[in-house]
Each structure stands twice: as structure tokens, then as C-alpha cells.
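Reading through the C-alpha cells given below for one structure.
Following this line, the structure appears as C-alpha cells:
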């Protein structure tokens, strides 16, 4: 039995914009309600996913900000923060809340533009432990750089493998009008010219920081053949710092979340047709595929080299462009992944529509594997 | 670098906790001061708090399988054994501070906050008592009574130089005048152990002349901290030609161990920061004299127009106008260039005893809270 149904989805373009955080959230909410054929009056509760409103803009108490976008409703509403997994955790939370509320709106929103780079790097780094990571200068790219180094040591993964992930996702984003890099063709020459960020990760191994919002309307009951069932929802956590773990080539939280979601959905990894994974860095896509059980540890690179994860491959990964090229509007990202999978499962993904899309999966990670939310979605019956 | 381990269930914690969440028994602290590099990245992007990119972050594994992440200024390779954090020797390092002025107090606060044993020497009992009282007030804002008591056990504040014998490093931070500094440095050196290092916190007096009064100039250099010492990241590290390479390295390492970013500068009048700052302050005073704008307006214009966090006049008040005048006079003397001469208004204020924040009045009235 499905955990709930996605009645409607909406998403802004991910990328730099002058639009304010409330304006972005509203744009996604209106789109999702319109897509569901509902109005604000049909909503029983709402959840806001956001990560850096406080540090970046001095904006907190965002559930109340969003309440101001639905004047006069006085709905129960709350905010979820789990770093880059805020959106995925909010969707998980929405499913749990269906025991009390009939129809729940989830909106993820983030504004990153206009914050000086050094400050933004520090703020994003707050997803790492204050003392164990931040104090040691381990910013976000550096965390994943260590994972990449460990993965290279353990499995012979190469920087070329990482480049292939980047090229594929940039290629996919060219078919996604809401992607951060929809308008930008990225070639091998661009990748070669990319500066080193944290070795071995270079500029094009890193996702951009994006503004944006995404919203989904979730209900315990289907409203017809455009309602997409969420078959499984898994959430798991781990200690925040790599220094608190013994495994550095895999995220146990992601493995656990996947296992939990598969079990709930009564499917296995081999049943999944396509996935949207949390590729905040190219290495993260490699690790994600292995953590989701789509291949054995160390095998992801072979699938990438063989084109299996391309749009026309047997297991398309990040057909939207992923975070890498689709953009990473942090609090909105996990919600945006659900948007994308719903679009594919409905056959509404336009130019990037996949041939086979009956079971799709989202994989949303906070920090360097400290939180992971996995959702398995199926086709409307 | 430590882990806290539960001997009952084996759980490991990365935080200084007292009890195990599972078993509610006391945890044991396991210190790891070294480990083998299992991954390393060169971080090329700076961030707030880590402006010193490029630097290296290494993931280490110690003998009992615990991981730790360390920041390094030099490259290392996987498999290399690395000793981390404040070295053992430096961990129990005792630091002497001479002087009870703004920088003396700031340095003692910084050192005590960083867990060092401190020997603090003032010129008179009343001055050291007053400074100690102020220090307690400041530390009391960030520590509870127990913690404060523990730290105070590690502070020896007085007027005798004898205690400097315990010190591995002594920082002189007395009045910014050549002769008194020479005298204090000379006397301090007599009280210190042979292998200890002596540093001056001068903001740019000639280091050669200071070194000349010492028996062991090879163990003497300059650590120029900025006010407030607890918050400002920069340390200008300078040394006369007589300083040994080992002393230079130890001075830089000490600055880093305090979480500061050392920038090595040659011994030129006022080094770099003050050399650039003093003309800025002087021109701001000139603008005030010419009634171009009020002090508030001048500061606001510089804050917004040059993106400085503070305007030059409020900064001068913070530094102390007497110190500003001393530095400027010294610059004139040493460069022979009258362009550095303090503006008349600066001299007038100093003559009237209006030295800035410390006397509650300078370019601004600091006696009442500002809007």
C-alpha cells in the first residue's frame, strides 16, 4: 500500500534570480496547487524545507513566512532543516503527518545569490560539525574530496570517471528548461579549464549554488491517474563528521534509508527504472549508485563508462541534470527530485522524458552522508 | 584531538561528553595526537575562518581505528604518519605576557581561552590587579565559575619577573616606546630559560635595536597581534636578521596554534598594516579639521565607500590616540618623512587626555552607549 500520493508538483527554475525567498516559495506553491487542481483551501497542513535562511539572509521562522503567502488560513505548518536533505526529510515528514492531516503541502525553498563567496562557503560548511570539521577547515567540497580520495584508493575510480558524470549531467540539463545550466553547453574543454576546488574535485565536479523553490502536494488518497503513489519512504542518519565514522567510501545512512524505502515499497534495487540522486559533487553520484544497491561497491564507474546511466541507457541517473547541472537550491532540492520523478512517471517530462519510467527513486543527502532520505515512487494505477 | 569512549558498550563520541547515551556510564577520553593519513585534499577555496587557502585537510586514522580530520599547511601523502594539533611540547607550553595595557590584557584573554598556562607581569601591583579584574569580567562572560576557576589556576599574575623562568615563550606588550621596551626585554631575558623564545608585540619599532640589547638575539622575534587579540586573525610575524630560522618557525607555529594567520613581514617601520593605516587615520583627522564632515560622517563614508568594517576615527579611538600618535611620530623619525606627522587635532586630544575608548573620550564620547 502506498505511503501517500503526490497530487501535484511545482518548481521554479533553479539558478540565480532577483526574486525574494517568499516570491520563490509562492511561485512553487501556486504551480503545485495548479498541477493538483486544488486551491489553498484544500490544504490541511504545510511543511517548509530550508537550510540557510538564517545564516544567509537572517530569515528564520519560515513556516510563518509561508503562512503569510496563504493569508487568512492559519494552517498548522512547520519548518524542517536537515542541511541539503531538508527537502527529502520534509517529504518523509509529510507522509508521517498524513495520520492526522488529509492533504499536506511541502515547499522547499532556498536563496543563495548575493552572499559573498567566502561567507557562503562557511555557511554551507555548517552541514559539517562545528569543531570536528569546520574548525579543521573541512568545507563542503573538501569533505567530498576526501570521500573521492578514499573511493579512488579503494576502487581505482579516476578523475575521468568523475568527468563523465559531469558531462552526462550537463548534457541532460540542456533538455530541462528549469535547470540551472539549461542554457549552457559544457564541453570537455570547459571541464579541462576548471580550477581546482579541493583536490581531486575541480570546478565542474561541483554543483552550483542555486536559488529556487519546489513544492509538492501530498495526500493519503489518490485523485486519479495523475496522482503518483509514494511506495516507500526511508530516512536514516549518521554522525555528522567523517571523523566519527569508519567507512568513508559509502554512506551508511543512504544504505539504511534505501533498504527501508525498498522494503516499504516491496521492491528491490533491480526494479528501479531511473533515479534522481544527490550529486552535489560528481563523486556523490558514484557513491549514491552503490549505496542504493544499483550496483556493487566499486562498480558504479563501470556503469558510467558504459553509458548505462545516460538518458538512453538501461538505468538513467539524473535525467534532470541532477544537482550538478540542474542546480542545487538546497532546501528545495529534495522536493525538486520528487517533482522530477513525478514528471517522468506521468510521462510529462517533455524533451527529457525517459522511455521506461514505471518505478523511480529519489536520493537526498544532507552534509557528507549525515542524513539521507530515499523515496520510491511508482506509476499511477 | 580526542574521542570519548564507553567501556561498557564500545560507543565512541566525537564530543567532550561525560556520559554514554546508551549506558549512562562515564566515558573515557582517548587522546590521539598522531595518525596515518588515509586521505588528503588540497583546499583551494578560502572561507570565513579559513582565509589562508590553499591549505590541506587530511583524514587520519590512529592506532585504535579512530578517524580525525586535521588542517595542515604543508602537503602530506596517504600512508604518511602525522602528528597533529598543538604538539605535545606546546600543549603544556607556558607563555609569559609583559604588560597590562589593551594588548597585554587581550593576549592573556586569548591565551587563557586557548588553554595555555600564563605568567603575566605588570609594572605595578595596582595595574596588574586592575587588569586581572577586567580579565575576569571578560572571561566570566564566556565561562562558568568552575571553568573560570580552573583557568585561573593556570594564571600567575604579578609584578616579579621570576615566574618567566617557567615560560617557553614570552611576549612583551608594554608601552610602544623604544627605551622602556629595551629595558623590559633585557630584564625578561635574564629571568628566562636558555631555550625559551622572547617576542615583542611592537607594532613596528626597529627590531634590530631591540635585539641589540639581548644576549641571545637568535631567540628573539616579533609577533604583532591586532586588537582585539581574541578576534583578529592576523599576526604580523617579523624578525631581525639575527633571529634563527628555528625561532622564526616556532613563532609562526605558535601563531597558527592560536588559530591565527601569520603573515611574515620584513622589519620596516610600522610593518605593513600600520604603515598603511596611519596615513588613513591622519587624513581622516585632516578631513575633520577641515570640517569636511563630522566624525560620524567620515567613518560612515569610509565604512561604506571602502567596505571597511570600522571607520578610521572610531578605529583610532579603539587603538588609543596616544598609541596612534606614538606610531606616527616614530614613522616620521625613522623614515624622515614629515607626511606621517600626526595632525594637530590628534595631538590636542592626546594633550587633553582624551585617548579614545580607554578614557571614554576621543573622537567620540564613549561614556554613554552609542545609538
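Protein chains in written order, with this note's numbering: chain U, 1 to 381; chain L, 1 to 371.
Positions of the beta carbon are idealized from the N, C-alpha and C atoms, including for glycine.
Buried versus exposed call for residue i [16 or more other C-beta atoms within 10 Å across all chains shown]
i: residue 195 of chain U; result: exposed
i: residue 368 of chain L; result: exposed
i: residue 353 of chain L; result: exposed
i: residue 124 of chain L; result: exposed
i: residue 99 of chain U; result: exposed
i: residue 89 of chain L; result: Residue confidence is low: residue 89 of chain L scores 45 on pLDDT, short of 50, so the model does not pin down where it sits. Its coordinate-derived value is still stated next. Label assigned to residue 89 of chain L: exposed.
i: residue 400 of chain L; result: No answer is possible for residue 400 of chain L: it lies beyond the span of chain L, which begins at 1 and ends at 371.
i: residue 106 of chain L; result: buried
i: residue 28 of chain L; result: exposed
i: residue 25 of chain L; result: exposed
i: residue 289 of chain U; result: buried
i: residue 219 of chain L; result: buried
Residue-level contact to chain L via CB, residue i, 8 Å cutoff
i: residue 246 of chain U; result: yes
i: residue 236 of chain U; result: no
i: residue 125 of chain U; result: yes
i: residue 137 of chain U; result: yes
i: residue 241 of chain U; result: yes
i: residue 141 of chain U; result: yes
i: residue 337 of chain U; result: no
i: residue 52 of chain U; result: no
i: residue 132 of chain U; result: yes
i: residue 129 of chain U; result: yes
i: residue 112 of chain U; result: no
i: residue 376 of chain U; result: no
Chain U contact for residue i (CB, 8 Å cutoff)
i: residue 14 of chain L; result: yes
i: residue 39 of chain L; result: yes
i: residue 76 of chain L; result: no
i: residue 263 of chain L; result: no
i: residue 71 of chain L; result: yes
i: residue 183 of chain L; result: no
i: residue 249 of chain L; result: no
i: residue 82 of chain L; result: no
i: residue 87 of chain L; result: With a pLDDT of only 46 at residue 87 of chain L, under the threshold of 50, the placement of this residue in the model should not be trusted, and no figure is reported.
Beta-ladder partner(s) of residue i, from DSSP
i: residue 236 of chain U; result: U/372
i: residue 364 of chain U; result: U/373
i: residue 47 of chain L; result: L/50
i: residue 171 of chain L; result: L/97, L/199
i: residue 28 of chain L; result: L/5
i: residue 386 of chain U; result: With chain U represented from 1 up to 381, any question about residue 386 of chain U goes unanswered, as that position is not in the structure.
i: residue 364 of chain L; result: Paired residues: none, contrary to the question.
i: residue 84 of chain U; result: U/82
i: residue 281 of chain U; result: U/206
Three-state secondary structure (DSSP) of residue i
i: residue 159 of chain L; result: coil
i: residue 151 of chain L; result: helix
i: residue 356 of chain U; result: coil
i: residue 165 of chain U; result: helix
i: residue 236 of chain L; result: strand
i: residue 334 of chain U; result: helix
i: residue 71 of chain L; result: strand
i: residue 61 of chain L; result: strand
i: residue 380 of chain U; result: coil
i: residue 94 of chain U; result: helix
i: residue 113 of chain L; result: helix
i: residue 229 of chain U; result: strand
i: residue 273 of chain U; result: coil
i: residue 47 of chain U; result: strand
i: residue 265 of chain L; result: coil
i: residue 115 of chain U; result: coil
i: residue 15 of chain L; result: coil
i: residue 300 of chain U; result: helix
i: residue 213 of chain L; result: coil
i: residue 251 of chain U; result: coil
i: residue 204 of chain U; result: helix
i: residue 183 of chain U; result: coil
Item to check | Interface positions of the stretch 46–66 of chain L facing chain U (Cβ-Cβ less than 9 Å), listed along the chain | outcome: If the cut-off is 9 Å between Cβ atoms, the stretch 46–66 of chain L has 46, 47, 48, 49, 50, 51, 52, 53, 54, 55, 56, 57, 58, 59, 60, 61, 65, 66 near chain U.
Item to check | Members of the stretch 146–157 of chain U that neighbour chain L once the beta carbon cut-off is set at 7 Å | outcome: Look at the stretch 146–157 of chain U: the residues with a C-beta under 7 Å from a C-beta of chain L are 146, 149, 150, 153.
Checklist entry - Listed from N- to C-terminal order along the chain, which residues in the stretch 194–217 of chain U have their beta-carbon within a distance smaller than 9 Å of any beta-carbon of chain L? => result Result list: 195, 196, 197, 198, 199, 200, 201.
Checklist entry - In chain order, what residues of the stretch 177–195 of chain U put their CB closer than 9 Å to some CB of chain L? => result Listed in sequence order: 195.
Checklist entry - the stretch 299–317 of chain U: which residues have C-beta closer than 7 Å to a C-beta of chain L, in chain order? => result Within the stretch 299–317 of chain U, no residue has its Cβ closer than 7 Å to any Cβ of chain L.
Next on the checklist: Which residues of the stretch 132–147 of chain L have a Cβ closer than 7 Å to any Cβ of chain U? Give them in chain order.
Outcome noted: Taking a C-beta cut-off of 7 Å against chain U, none of the residues of the stretch 132–147 of chain L qualify.
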